[in-house]
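Working notes, beginning with the structure itself.
Number of protein chains: 2
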Amino acid sequence: MSSVATQDRNIASTFAKGMAVLAAFDGSHETLSLADLARATGQDRATARRGVLTLVQLGYLHQNDRRFRLTPKVLSLAGGFLQANAFGRQVQPVLNYHAAMLGADITLALRDGENVLLLAQSTVRDGPVSYGFTLGSRLPLLHTSLGRMLLACEPESLMQELVTRAPLPRHTERALENRADIAQAIGTARISGSCVTDGEFETGIAGLAVPVSRPGERAAVVGASFPSGSGPHDARLQRLHLCAADLRQNQALEKL
Amino acid sequence: MSSVATQDRNIASTFAKGMAVLAAFDGSHETLSLADLARATGQDRATARRGVLTLVQLGYLHQNDRRFRLTPKVLSLAGGFLQANAFGRQVQPVLNYHAAMLGADITLALRDGENVLLLAQSTVRDGPVSYGFTLGSRLPLLHTSLGRMLLACEPESLMQELVTRAPLPRHTERALENRADIAQAIGTARISGSCVTDGEFETGIAGLAVPVSRPGERAAVVGASFPSGSGPHDARLQRLHLCAADLRQNQALEKL
DNA sequence: ACACAATGTGCGCAATACGAACGATAAGTC
DNA sequence: GACTTATCGTTCGTATTGCGCACATTGTGT
Numbered sequence: 034m035s036s037v038a039t040q041d042r043n044i045a046s047t048f049a050k051g052m053a054v055l056a057a058f059d060g061s062h063e064t065l066s067l068a069d070l071a072r073a074t075g076q077d078r079a080t081a082r083r084g085v086l087t088l089v090q091l092g093y094l095h096q097n098d099r100r101f102r103l104t105p106k107v108l109s110l111a112g113g114f115l116q117a118n119a120f121g122r123q124v125q126p127v128l129n130y131h132a133a134m135l136g137a138d139i140t141l142a143l144r145d146g147e148n149v150l151l152l153a154q155s156t157v158r159d160g161p162v163s164y165g166f167t168l169g170s171r172l173p174l175l176h177t178s179l180g181r182m183l184l185a186c187e188p189e190s191l192m193q194e195l196v197t198r199a200p201l202p203r204h205t206e207r208a209l210e211n212r213a214d215i216a217q218a219i220g221t222a223r224i225s226g227s228c229v230t231d232g233e234f235e236t237g238i239a240g241l242a243v244p245v246s247r248p249g250e251r252a253a254v255v256g257a258s259f260p261s262g263s264g265p266h267d268a269r270l271q272r273l274h275l276c277a278a279d280l281r282q283n284q285a286l287e288k289l
Numbered sequence: 034m035s036s037v038a039t040q041d042r043n044i045a046s047t048f049a050k051g052m053a054v055l056a057a058f059d060g061s062h063e064t065l066s067l068a069d070l071a072r073a074t075g076q077d078r079a080t081a082r083r084g085v086l087t088l089v090q091l092g093y094l095h096q097n098d099r100r101f102r103l104t105p106k107v108l109s110l111a112g113g114f115l116q117a118n119a120f121g122r123q124v125q126p127v128l129n130y131h132a133a134m135l136g137a138d139i140t141l142a143l144r145d146g147e148n149v150l151l152l153a154q155s156t157v158r159d160g161p162v163s164y165g166f167t168l169g170s171r172l173p174l175l176h177t178s179l180g181r182m183l184l185a186c187e188p189e190s191l192m193q194e195l196v197t198r199a200p201l202p203r204h205t206e207r208a209l210e211n212r213a214d215i216a217q218a219i220g221t222a223r224i225s226g227s228c229v230t231d232g233e234f235e236t237g238i239a240g241l242a243v244p245v246s247r248p249g250e251r252a253a254v255v256g257a258s259f260p261s262g263s264g265p266h267d268a269r270l271q272r273l274h275l276c277a278a279d280l281r282q283n284q285a286l287e288k289l
């Protein structure tokens, strides 16, 4: 075992390793093997194995031959957060109302490290875009309107650091490749108070995002998506601003 | 430490204890203290403390003075499940379509131990009932239509065991108090292929549920709620059956 | 069928984590 | 406000838990 002299005795390293195993089930694969998990977490296979078998015993994973998958029980961990923060009463109805008025899905998002984390969404019947992301999904920070609007809400120094450090995979032909260009787009979003991207994350899809959080609060944004060229964005952005204003007014996100 | 002779060396007990700490944040309180967690988990306060501080370091909990709350990061654990099982593409659109046709929220649920676990829902704008539960919420098994329908889908012996063992708190004046009466209602649901309750979990609210799963599969149901006495249920149950048929057809739930 | 690569598992050993005891804080009483 | 008691949070000695190496087993390529 690592004999780091400044080992923090307040931290249970076995628990931290186990959580890394759980987090490795990030949705990018339906199932994972012990060896997959050892690679994903950097742990010895024996260590990853104990983590996985513990999760199976607790009911969070199901084992099928030599592969493991998450069970629905992990949803109850999210349920604790959603219930404690009254998302069902305070957030979802606001998103539903404005999504119905907009005629498109609306998504609420925060930043989690170098990713966008989706917290809630209202998905409408027969919306113009349905890209399959859900509550809990992670999206890239640099090529989505949600991500750029989140960065626009952060202090300049943190924004610059994240633009420099966050991954920059090229999702589409139209994706900006130059970090300086992305920083400039973020600066524009900061000034205009909204962000629009077009076809940088998914081809043929325009993304719109506006801030929900007030300055000094943890950055939160709402956004929507439309087919590229499917109409002017002014009224749509206005609708997103109204949604953000309602979320601020019912103070649903103050404790995030 | 417990010196259980048959300690399973494949299980990391420290990780299991840590997961019990995480699961203690079940949404029933906005924040919990160390002492709260020690009581909820049955652990020594020092043990619970290491669990909590580990979760803070990993970003799943936020500490404010002597109290702790879940952060949105726990949603990413759920996101792994939802993404891996394509809920955004395969489940949500079906629920959205049928909820729009029904004019009311539709919820998909499974059983998790002695509770109902909500897996997904489509919530409509201005639906007749909005009780604030979300994905990941737990509901009682014995007094909800979802719970009774789930029990109706289980083998007789398991159903009898759960009816005997599951908690029987009295949520409303109309709640059945006699376990034999509940078993009989479940038997009726099994025969008729649907379940209706009225005001047993929330006063003035009728619940409807029908099975999604096929015999031999893990029990799953869909349900909706309406104000008591707000109209006949036949057409509504029909709509729920159509929803269940669509979910079966796209095979979204086969791997749960 | 064989060789090699990859993966899964057992168990010796020591690092990690438990929890008793003590310190700190909160609550109740006068 | 002072004092007592109860409750909660933290430290650190000790031993139990869990790490990871080496071996066993399984999978893959020729």
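The listed protein sequences correspond, in order, to chains H and R.
All the letters of the first sequence, read from the start, carry residue numbers 34 to 289 under our numbering.
All the letters of the second sequence, read from the start, carry residue numbers 34 to 289 under our numbering.
Just so you know, even glycine gets a beta-carbon here, dropped at the ideal spot from N, CA and C.
Per the C-alpha coordinates, the member of Gly-92/H, Asp-231/H and Val-243/H positioned closest to Gly-264/H is Asp-231/H. For Phe-48/H, the uninterrupted alpha helix (DSSP H) run begins and ends at 46-56, by DSSP. In this structure, the beta-carbon distance from Ala-277/R to Pro-248/R does not fall below 8 Å. Residue burial annotation: Asn-129/R is buried, with at least 16 other C-beta atoms found within 10 angstroms of its C-beta.
Nearest C-alpha to Ile-238/H among Val-89/H, Ala-137/H and Arg-251/H: Ala-137/H. The shortest CA-to-CA distance from Gly-262/R to any of Leu-275/R, Val-229/R, Val-255/R and Val-254/R is the one to Val-229/R.
Counting along the chain, Ser-258/H sits inside the beta strand (DSSP E) bounded by residues 253-260.
Out of Arg-212/H, Pro-200/H and Ser-61/H, the CA that lies nearest to the CA of Phe-114/R is found in Ser-61/H.
Ranked by Cα distance from Leu-143/R, the first of Ala-117/R, Arg-181/R, Thr-205/R and Glu-235/R is Arg-181/R.
Counting only runs of at least 4 residues, the segment 62-143 of chain R fully encloses the following alpha helix (DSSP H) elements, listed from N- to C-terminal order: 67-74, 78-91, 107-117, 120-123 and 125-135. When the five nearest sequence neighbours on each side are left out, no beta carbon in the same chain lies closer than 6 Å to the beta carbon of Arg-198/H. Using a CB distance cut-off of 8 Å, Leu-273/H does not count as an interface residue toward chain R. Around the beta-carbon of Pro-200/R, fewer than 16 other beta-carbon atoms lie within 10 Å, marking it exposed. Ala-257/R is outside the set of residues whose beta carbon lies under 8 Å from a beta carbon in chain H. Between the alpha carbons of Lys-288/H and Ser-246/H lies a gap of roughly 11 Å. Relative to Gln-90/H, the option among Thr-80/R, Gly-84/R and Lys-50/R whose CA is nearest is Lys-50/R. Annotation: Cβ neighbours of Val-107/H in chain R (cutoff 8 Å, chain order): Leu-110, Ala-111, Gly-113 and Phe-114. Cα atoms of Thr-104/H and Leu-94/H: separation of roughly 5 Å, rounded to the nearest angstrom.
Shown here for Pro-161/R: same chain residues with a beta carbon closer than 7 Å to its own, the five before and five after excluded, namely Ala-137, Phe-259, Pro-260 and Ser-263 in chain order. Under the three-state reduction of DSSP, Ser-227/H is assigned to coil, being neither helix nor strand. Gly-112/H sits buried, since 16 or more C-beta atoms from the chains shown fall within 10 Å of its C-beta. Proximity of Ile-139/R to chain H, defined by a Cβ-Cβ separation below 8 Å, is not satisfied. Residue environment for Ala-185/H: buried (at least 16 other C-beta atoms within 10 angstroms of its C-beta).
Listed in chain order, the positions of the segment 157-185 of chain R with a beta carbon within less than 9 Å of a beta carbon of chain H are Val-157, Arg-158, Asp-159, Gly-160, Ser-163, Tyr-164, Gly-165, Phe-166, Thr-167, Leu-168, Gly-169, Ser-170 and Arg-171. In terms of beta-carbon proximity, Arg-102/H lines the interface with chain R, with at least one pair separated by less than 8 Å. With a 10 Å radius around the Cβ and a threshold of 16 neighbouring Cβ atoms, Asp-98/R comes out exposed. Ile-219/R and Ala-133/H have their C-alpha atoms some 37 Å from each other. Counting only the Cα atoms, Thr-236/H lies some 15 Å from Glu-210/H. DSSP places Gly-180/R within a helical segment (H, G or I) once states are collapsed to three. Ranked by how close their Cα comes to the Cα of Ala-119/H, the residues Ala-117/R, Glu-194/R and Ser-170/R have Ser-170/R in first place.
Distance from the CA of Ala-216/H to the CA of Lys-106/R, rounded to the nearest whole angstrom, comes to 26 Å. Excluding five sequence positions before and after Tyr-164/H, the CB atoms of its chain that fall closer than 8 Å to its own CB belong to Glu-235, Ile-238 and Ser-258, given in chain order.
Listed in chain order, the alpha helix (DSSP H) runs fully inside the segment 146-208 of chain H are 178-185 and 189-198, counting runs of at least 4 residues.
The C-alpha of Gly-226/H is placed about 11 Å away from the C-alpha of Leu-183/H. Here the C-alpha atom of Thr-156/R lies approximately 16 Å from the C-alpha atom of Leu-179/R. One thing to note: Leu-67/R has its Cβ no nearer than 8 Å to the Cβ of Leu-110/H.
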